[in-house]
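Peer 1:
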DNA sequence: TTGACCACGTA
DNA sequence: CGTACGTGGTCAAC
């Protein structure tokens with residue numbers, strides 16, 4: 046077993062290159078790598094090596110010479126120093142990301158990934174420094190030089206790192222390679238046998254792109270989103286006034302904003318607008334009895350009482366003041382004018398990317414502050430009508446696939462249903478999301494007749510969800526279905542059905558999007574030129590690329606061309622067409 | 001201090 | 001038309 050093999054100590058990276066070549070490592074061969082304080086460990090093809098050189102230098106040299114597929118436990122750990130050192134990685138295998146694909150959930154730490162993939166109870170994962178009261182020292186503690194304990198769990202001091210010696214890193218890398226090897230047959234089992242065969246199988250392609258997406262997440266986190274601080278301050282000032290000098294001034298400003306609303310209600314002087322219960326009572330006092338005070342519920346009463354309008358504008362400003370105000374700028378915007386937050390390549394459900402620091406939910410009013418740097422522009426692209434197109438592909442519905450030939454998918458659908466476009470759109474969305482209210486009923490029946498294959502696949506997912514069974518996305522992601530106590534509660538069953546119905550579409554769309562994004566990323570590095578174009582934002586179906594002005598046309602072409610290639614590869618033989626709206630702008634808000 | 005709930009922004 | 005996410009507020013329980 047490679048995990049216990051004695052790593053070969055090497056003096057220099059040149060020796061390593063010769064050893065890797067001798068082991069048959071070439072372009073695309075899996076080579077696992079891990080960092081230790083005093084060097085780097087590698088594993089490939091039954092060999093392990095320990096090199097007394099830094100990870101960045103080793104990876105740079107080996108990548109240049111052999112361009113292998115780098116295998117690591119998690120891009121968050123291993124790729125971060127590589128990104129910081131600007132080492133270009135073209136192909137990787139993120140064991141944790143592939144684990145999440147196969148198993149579902151959001152595990153990223155090696156201890157959890159290992160336990161789950163070895164069939165061990167994740168609740169039993171040992172922590173470092175934890176005293177095992179049941180076995181006070183007299184049990185077999187095994188060999189401390191083996192990262193795996195006799196009970197099968199990873200040794201906490203290994204799993205939580207940092208590792209000291211390159212020989213340790215070599216064993217650690219070997220373990221990652223073992224997981225990589227174990228994941229291969231599982232991926233082959235994760236594709237629906239009815240899918241058109243591809244080489245490599247779609248789930249393996251997905252594993253590649255999910256791994257690259259984690260790398261992209263590290264890059265997004267490190268690079269940040271260009272933001273013009275002065276514009277941001279202007280916009281914030283417009284909503285909540287100038288930056289208060291101290292806490293007293295902040296409180297005064299807050300009170301002033303509150304009073305604009307409270308003055309309009311008799312006896313409202315002391316109402317706490319941040320307390321929904323008090324707001325509800327206040328509204329009742331002026332004749333509006335509502336179950337809750339959400340904006341959409343108050344919206345119909347706009348214009349009937351000045352306090353309602355004032356409250357709704359107050360809410361808008363309050364959002365800016367609390368979530369996207371001066372504090373937000375201070376916390377998340379660097380001296381270089383980049384807005385940075387933590388990124389993840391997938392969430393724990395359908396697998397969309399997530400971002401912190403408000404990067405994924407920045408209000409449209411603040412978007413004018415997202416400005417390209419001097420000499421640069423943004424190339425912005427978003428996938429048009431991605432979800433119904435994805436549905437056509439994953440369900441292999443030939444009729445719906447034909448509709449994707451139109452740049453506006455809903456117009457052929459409307460023609461086929463014999464209704465207007467808005468009705469057709471609502472019906473398609475209702476089908477994908479599991480409508481419970483509204484009046485798309487007649488059009489939904491039409492959909493069943495016109496696109497029975499697509500509708501049946503949605504219903505199948507819905508049924509599985511209702512039963513509490515996990516579903517798999519087109520690319521092979523397992524979407525675990527929570528099994529609650531309320532199995533007999535029809536409301537819970539219906540919610541699970543909607544969740545599953547939505548997950549197979551949203552999840553597959555996320556997979557296609559990421560495959561596109563990482564293909565674009567690879568294309569950008571090949572673009573050449575000193576100052577690099579980089580992806581600075583991924584927003585579910587939208588890409589924002591920060592590009593040197595003179596490269597803008599190249600990137601526009603790249604976005605279209607990569608989408609065509611990715612779409613053809615992802616939805617092999619389905620005949621589904623994907624479209625992107627692409628524009629070149631200086632401000633994010635100028636697009637569309 | 002923590003977790004639930006509310007509320008609201010994005011897709 | 002519903003799902004998902006992240007964020008910050010208050011409140012009640014710890």
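Residue numbers (our numbering): 46 to 637. Idealized CB from N, CA, C, for every residue including glycine.
1) Could you give the uninterrupted runs of the alpha helix (DSSP H) lying entirely in the region 335-422, keeping only those of 4 residues or more?
2) Cutting at 8 Å between CB atoms, please list the residues of its own chain near residue 332, excluding the five before and the five after it.
3) If you follow the beta strand (DSSP E) that residue 56 is in, where does it begin and where does it stop?
4) I need the boundaries of the alpha helix (DSSP H) containing residue 430, first residue and last residue.
5) Of all the options 118, 491, 113 and 436, which has the alpha carbon lying nearest to the alpha carbon of residue 135?
6) Go through its chain and collect everything with a Cβ distance to residue 342's Cβ below 8 Å, but skip five positions before and after it.
7) Output needed for residue 49: all residues of its chain with C-beta closer than 8 Å, excluding positions within five of it in sequence on either side, in chain order.
8) Please list, in chain order, all residues of the same chain as residue 444 whose beta carbon is under 7 Å from its beta carbon, the five residues on each side excluded.
9) Helix, strand or coil for residue 129, going by three-state DSSP, please let me know.
10) Residues in the same chain with beta-carbon distance under 6 Å from residue 56, minus the five sequence neighbours each way, listed in chain order, please.
11) Got a sec? Which residues, its chain only, sit under 8 Å from residue 379 by beta carbon, not counting five neighbours each side?
12) Would you call the region 395-404 in contact with the region 422-439, where contact means no fewer than 3 C-beta pairs closer than 8 Å?
13) Whole angstroms are fine: how far does the CA of residue 237 sit from the CA of residue 148?
14) Hey, quick one: how far does the alpha helix (DSSP H) through residue 281 stretch, first residue to last?
15) How about residue 207 and residue 82: do their beta carbons lie closer than 8 Å?
16) Should residue 116 be labelled buried (16 or more other beta-carbon atoms within 10 Å of its own) or exposed?
17) What did DSSP end up calling residue 102 once you bin it into helix, strand or coil?
18) Hey, how far is the Cα of residue 108 from the Cα of residue 132?
19) Does the count of Cβ pairs from the region 541-555 and the region 155-172 closer than 8 Å reach three?
20) Note down the Cα distance separating residue 273 from residue 415, rounded to an integer number of angstroms.
21) Where residue 508 and residue 486 are concerned, what is the direct C-alpha to C-alpha distance, given to the nearest angstrom?
22) With DSSP as the reference, label residue 183 as helix, strand or coil.
23) For the alpha helix (DSSP H) that contains residue 93, what are its first and last residues?
24) Can you have a look at residue 638 and say buried or exposed, based on whether 16 or more other CB atoms are within 10 angstroms of its CB?
25) Can you give the beta carbon distance from residue 589 to residue 423, rounded, assuming they're within the 8 Å contact cut?
26) Take every Cβ of the region 116-127, pair it with every Cβ of the region 76-91, and state whether three or more of those distances are shorter than 8 Å.
27) Mind checking whether residue 316 and residue 307 have CB atoms under 8 Å apart?
28) Suppose the cutoff is 7 Å on Cβ atoms and the five residues either side in sequence are ignored; what does the same chain contact list for residue 410 look like?
29) How many whole angstroms separate the CB atoms of residue 95 and residue 53, which I take to be in contact at a CB cut-off of 8 Å?
30) Would you check whether the ligand HEM has a heavy atom nearer than 7 Å to the C-beta of residue 56?
31) Count the other CB atoms, across all protein chains shown, that sit within 10 Å of the CB of residue 521; report buried if there are 16 or more and exposed otherwise.
32) Straight-line CA distance for residue 6 to residue 203?
33) By Cβ distance, which residues of its chain are closer than 6 Å to residue 123, with the 5 residues on each side in sequence left out?
34) Helix, strand or coil: how does DSSP classify residue 609 here?
35) State the DSSP-derived secondary structure class of residue 139, mapped to helix, strand or coil.
36) What residue does the alpha helix (DSSP H) around residue 254 start on, and which one ends it?
Peer 2: According to the structure data:
1) Entirely contained in the region 335-422, the alpha helix (DSSP H) runs reaching 4 residues are, in chain order, 340-343, 351-367 and 371-377.
2) 350
3) Premise fails: residue 56 is in no beta strand (DSSP E) and is neither H nor E.
4) Careful: residue 430 lies outside any alpha helix (DSSP H) and carries neither H nor E.
5) The shortest Cα separation from residue 135 among 118, 491, 113 and 436 belongs to 113.
6) 335 and 336
7) With a pLDDT of only 47 at residue 49, under the threshold of 50, the placement of this residue in the model should not be trusted, and no figure is reported.
8) 495 and 496
9) helix
10) Once the five neighbours on either side are set aside, residue 56 has no close Cβ partner at all.
11) Within the same chain, residue 379 has close Cβ partners 269 and 385.
12) Taking 8 Å as the limit for Cβ pairs, the verdict is that the region 422-439 does not touch the region 395-404.
13) Across the structure, residue 148 and residue 237 are spaced so that their CA atoms are roughly 16 Å apart.
14) 274-285
15) yes
16) buried
17) In the structure shown, residue 102 sits in a helix (DSSP, three-state: H, G or I).
18) 9 Å
19) no
20) 6 Å
21) 19 Å
22) Because the pLDDT at residue 183 is just 45, under 50, the model does not fix this residue reliably, and the value given afterwards should be weighed accordingly. Residue state, collapsed to three classes: coil.
23) Note, residue 93: premise wrong, no alpha helix (DSSP H); beta strand (DSSP E) at 92-96.
24) Nothing in the structure corresponds to residue 638, since the chain is present only between 46 and 637.
25) 6 Å
26) yes
27) It is a contact, given that the beta carbons lie within the stated cut-off.
28) Within the same chain, 280 come within 7 Å of residue 410 by CB-CB distance, once the 5 residues on both sides are set aside.
29) The pair is a contact, with the Cβ atoms about 7 Å apart (cut-off 8 Å).
30) This structure does not include the ligand HEM; it has no bound ligands of any sort.
31) buried
32) Within the shown structure, residues of the chain are numbered from 46 to 637, placing residue 6 beyond reach of any answer.
33) 117
34) helix
35) Note: residue 139 maps to strand in three-state DSSP.
36) 247-268
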